[in-house]
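Asker: Once you've had a glance at the structure underneath, I'll fire off some questions.
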Amino acid sequence: MKILVTGATGYIGGRLIPRLLEKGHSVRVFVRDGRRLEGRKWFEEVEVATGDLENREAIYRALQGIDAAYFLVHAMNEGGDFAEREKTIAENFALAAKSVEKIIYLGGLLPENNVSEHLKSRAAVGEILRKNGKTTEFRAGPIIGSGSASFEMVRYLTERIPVMVVPRWVKNEVQPIAVRNVIEYLIAALECEPLGIVDIGADVLPFRGMMETFAEVRGLKRIIIPVPVLTPLLSGLWVGLVTPIPNSLAVPLVKGIINSVLADTTKAEKYFPAIKPMDYREAVALALEKIDEKAVETRWSGSFGEDAPTYEMTDREGIFKEVRTVTTNASAESVYKSFTSIGGDKGWLAWGWAWKLRGLMDKIVGGPGLSRGRRHPTEVLIGEELDFWRVEDLKINQLILLRAEMKVPGKAWLQFEAVPKNGKTQLIQTAIFAPKGLFGLLYWYGSYPFHFFIFDQMAQKIVTGAEVLEGEKDVSEMPGTI
């Protein structure tokens with residue numbers, strides 16, 4: 391079959407595409423920026439159509455000659471008006487897909503009452519797509535697999551907090567499903583007539599049971615204490631703090647499980663008898679195995695953003711990264727010269743008193759502090775000291791990577807890159823921290839408010855310095871200038 395897949399950069403789409411190719415189908419993907427697919431193992435095997443789902447003409451062109459289409463997109467990460475945007479793109483897609491024989495959509499299970507805004511929007515999208523009578527809408531609960539948002543939420547909460555005070559609604563029952571079973575259903579739907587709504591799920595257990603089972607599989611002992619005072623909003627914000635899941639995703643996820651959410655799998659069993667969903671314990675064990683083998687195919691954050699963000703804080707596999715991107719008209723050479731000249735007598739550009747205080751504290755506990763300075767005011771070499779950092783990597787006019795030698799409960803790095811893009815240069819500044827134990831986590835979160843402002847101002851001043859250098863270079867290159 392000739393198949394169109396939307397959401398190719400997302401968690402489900404990125405796993406579905408190689409399976410469709412294995413089945414011998416011809417796949418076209420619809421994305422805003424085709425460059426985001428480069429490097430994927432299946433990139434050379436698919437046809438790429440570019441455009442935006444808000445552009446009906448672009449969707450129509452992408453659907454030409456298509457037998458079946460997968461609608462696997464959402465706009466939850468794009469702001470408070472995500473429900474309205476999801477409605478718009480669903481209507482555009484439905485109108486453009488009138489000639490398509492089958493549309494296959496993945497939505498979410500709905501509780502009997504108190505439906506969250508996120509799940510209401512998912513259901514509304516399904517209703518719009520089903521109006522043409524050609525849609526199969528799978529509704530799933532928490533999807534469990536290496537890199538899925540639901541799995542990582544349970545994983546990080548359980549691994550990081552030995553004693554958990556949790557809201558009483560963790561006793562509510564949910565019905566998770568393994569990601570590989572979701573993919574099986576999505577592919578099997580190609581062989582059926584459109585079925586409307588089909589609930590899918592595996593074994594039923596309380597959300598608390600999801601954490602307890604994870605702890606058992608991981609060999610951890612955890613104490614869980616339910617209390618009546620934590621609201622869904624506070625719970626979501628807490629999840630956003632403790633896990634890699636940002637608040638924009640954590641809060642809707644939590645609001646989606648504050649009521650029991652169970653599947654009526656009668657229809658799934660009737661039309662897909664060959665699919666036997668694995669139980670939750672087996673899904674957890676398989677996900678952990680993939681993580682240990684470093685074989686995670688896709689991750690929940692894969693579809694977040696089309697361009698380099700101006701600010702991003704991530705937590706992946708226990709390593710925190712705080713990334714800032716600032717664009718300038720200065721050349722990569724000038725940006726490189728600016729960031730390789732910091733430290734020593736010049737200092738660290740922002741909040742100088744805080745850097746001096748940190749250096750003094752480091753000295754007191756036996757670290758090098760800031761007293762080592764730097765060998766040369768502008769030149770650096772791999773392996774040499776730069777205050778309480780050491781130059782671990784260096785690429786001329788491109789990058790410097792500094793490894794922290796101050797006393798910290800873990801390992802830390804600070805990286806600066808100069809990346810040419812569209813006639814300008816991006817300064818990409820990345821703070822990296824691998825915490826050691828609970829104290830390492832407390833150190834990171836305790837330092838974060840200071841890092842946020844210090845690193846932000848530092849990036850801005852590096853760019854300002856680069857623009858000054860660029861101006862000086864332009865003057866020196868003028869005819870008659872000595």
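Sequential numbering of the sequence shown, starting at 391, is according to the numbering used here. Every residue gets a Cβ at the ideal spot worked out from N, C-alpha and C, and that includes glycine. These figures come from a predicted structure and were not determined experimentally.
So for glutamate 774, helix, strand or coil by DSSP?
Answerer: It is coil, neither helix nor strand.
Asker: Is glutamate 857 close to chain C? Criterion is C-beta to C-beta, closer than 8 Å.
Answerer: Here chain C cannot be found, since the structure has a single protein chain.
Asker: Over what stretch of residues does the beta strand (DSSP E) that includes isoleucine 782 continue unbroken?
Answerer: Sequence check: residue 782 is glutamate here, not isoleucine. Counting along the chain, the beta strand (DSSP E) containing glutamate 782 begins and ends at 779 to 785.
Asker: Using DSSP with H/G/I as helix, E/B as strand and the rest coil, what is proline 699?
Answerer: Since pLDDT at proline 699 reaches only 46, below the 50 mark, its modelled position is unreliable, and the value read off the structure follows with that caveat. Reduced to three states, the DSSP call for proline 699 is coil.
Asker: Hey, would you say aspartate 777 sits closer than 8 Å to glycine 734, going by beta carbons?
Answerer: In contact: aspartate 777 and glycine 734 (Cβ atoms closer than 8 Å).
Asker: Classify alanine 722 as buried or exposed, calling it buried when 16 or more other Cβ atoms lie within 10 Å of its own Cβ.
Answerer: The residue in question, alanine 722, is buried, as its Cβ has 16 or more Cβ neighbours within 10 Å.
Asker: Is the beta carbon of aspartate 752 closer than 8 Å to that of methionine 796?
Answerer: Taking 8 Å as the Cβ cut-off, methionine 796 and aspartate 752 qualify as a contacting pair.
Asker: State the CB to CB distance for the pair threonine 548 and leucine 610, rounded to an integer number of angstroms; the pair is presumed to be in contact (CB under 8 Å).
Answerer: Threonine 548 to leucine 610, Cβ: 7 Å. Contact.
Asker: So which of Asp589, Ala677, Ile648 and Val629 has the shortest CA-CA distance to lysine 657?
Answerer: The option with the nearest alpha carbon to lysine 657 is Asp589.
Asker: Do you know how far the Cα of valine 686 is from the Cα of lysine 680?
Answerer: Distance between the alpha carbons of lysine 680 and valine 686: 6 Å.
Asker: Roughly how many angstroms lie between the CA atoms of asparagine 503 and arginine 612, to the nearest whole one?
Answerer: So the two alpha carbons sit approximately 31 Å from each other.
Asker: Taking Cβ to Cβ, would you say isoleucine 573 is nearer than 8 Å to arginine 780?
Answerer: Not a contact, by the Cβ cut-off of 8 Å.
Asker: According to DSSP, is threonine 854 part of a helix, a strand, or is it coil?
Answerer: Reduced to three states, the DSSP call for threonine 854 is helix.
Asker: Just the Cα atoms here: how many angstroms apart are isoleucine 407 and tyrosine 835?
Answerer: Whole-angstrom Cα-Cα distance: 38 Å.
Asker: Are the CB atoms of lysine 684 and leucine 580 nearer to each other than 8 Å?
Answerer: It is not a contact, given that the beta carbons lie outside the stated cut-off.
Asker: Excluding sequence positions up to five away, which residues of its chain have a Cβ less than 6 Å from the Cβ of alanine 673?
Answerer: Excluding positions up to five away in sequence, the list reads Ile534 and Ala568.
Asker: List the residues that DSSP assigns as beta-bridge partners of isoleucine 648.
Answerer: For isoleucine 648, which the question treats as bridged, DSSP gives no partner whatsoever.
Asker: Taking the C-alpha atoms as reference points, what is the distance between isoleucine 426 and glycine 400?
Answerer: Note on residue identity: the sequence assigns arginine, not isoleucine, to residue 426. Approximately 11 Å between the Cα atoms of the pair.
Asker: Could you tell me how far apart the beta carbons of tyrosine 833 and proline 825 are, in whole angstroms, since I believe they sit closer than 8 Å?
Answerer: Right, the Cβ-Cβ distance comes to about 7 Å (below 8 Å), so this counts as a contact.
Asker: Please list, in chain order, all residues of the same chain as glycine 756 whose beta carbon is under 7 Å from its beta carbon, the five residues on each side excluded.
Answerer: Contacts found: Lys797.
Asker: Skipping 5 residues on each side, what residues in its chain have a beta carbon closer than 8 Å to that of valine 594?
Answerer: If we look at valine 594 and ignore the five residues flanking it on each side, its Cβ neighbours are Glu563, Val564, Gln565 and Leu652.
Asker: When you compare the segment 544 to 560 with the segment 499 to 513, are there three or more beta-carbon pairs, one atom per stretch, that lie closer than 8 Å?
Answerer: With the cut-off at 8 Å, the segment 544 to 560 and the segment 499 to 513 do not touch.
Asker: Taking the alpha-carbon positions, what's the histidine 464 to asparagine 787 distance?
Answerer: Spanning the two alpha carbons is a distance of roughly 39 Å.
Asker: With a cut-off of 8 Å on the beta carbons, I'd call isoleucine 822 and alanine 802 a contact; round off their distance for me.
Answerer: Indeed, because the Cβ distance is near 7 Å, the residues count as touching under 8 Å.
Asker: I need the DSSP call for aspartate 682, collapsed to helix, strand or coil.
Answerer: Helix at aspartate 682.
Asker: Return the Cβ separation of glycine 646 and serine 761 in integer angstroms, given the expectation that the two are a contact with Cβ distance under 8 Å.
Answerer: Incorrect: roughly 53 Å between the Cβ atoms, too far for contact.
Asker: Checking the sheet assignment: what are the DSSP bridge partners for leucine 595?
Answerer: Answer by DSSP bridge pairing, in chain order: Val564.
Asker: Run through DSSP, which three-state label would serine 416 get?
Answerer: Strand.
Asker: How many Å lie between glutamine 819 and isoleucine 518 at the Cα?
Answerer: C-alpha separation (whole angstroms): 43 Å.
Asker: Assuming leucine 789 and phenylalanine 806 form a contact by the criterion Cβ under 8 Å, report the distance between their Cβ atoms to the nearest whole angstrom.
Answerer: That belief holds up - the Cβ atoms of leucine 789 and phenylalanine 806 are roughly 7 Å apart, short of 8 Å.
Asker: Please state whether DSSP places arginine 762 in a helix, a strand or coil.
Answerer: DSSP places arginine 762 in coil when its eight states are reduced to three.
Asker: Starting from isoleucine 402, follow its DSSP beta bridges and name the residues at the other end.
Answerer: Answer is none; isoleucine 402 lacks a bridge partner.
Asker: Given a threshold of 16 other Cβ atoms within 10 Å of its Cβ, counted over all protein chains shown, does arginine 598 qualify as buried or as exposed?
Answerer: Arginine 598 comes out buried.
Asker: How big is the Cα-Cα spacing for alanine 605 and lysine 711?
Answerer: Whole-angstrom Cα-Cα distance: 26 Å.
Asker: Confirm, please, whether the CB-CB distance from valine 713 to proline 616 is below 8 Å.
Answerer: No, they are not a contact pair.
Asker: What is the residue span of the alpha helix (DSSP H) that lysine 492 lies within?
Answerer: Lysine 492 -> not in any alpha helix (DSSP H); beta strand (DSSP E) instead, spanning 492 to 498.
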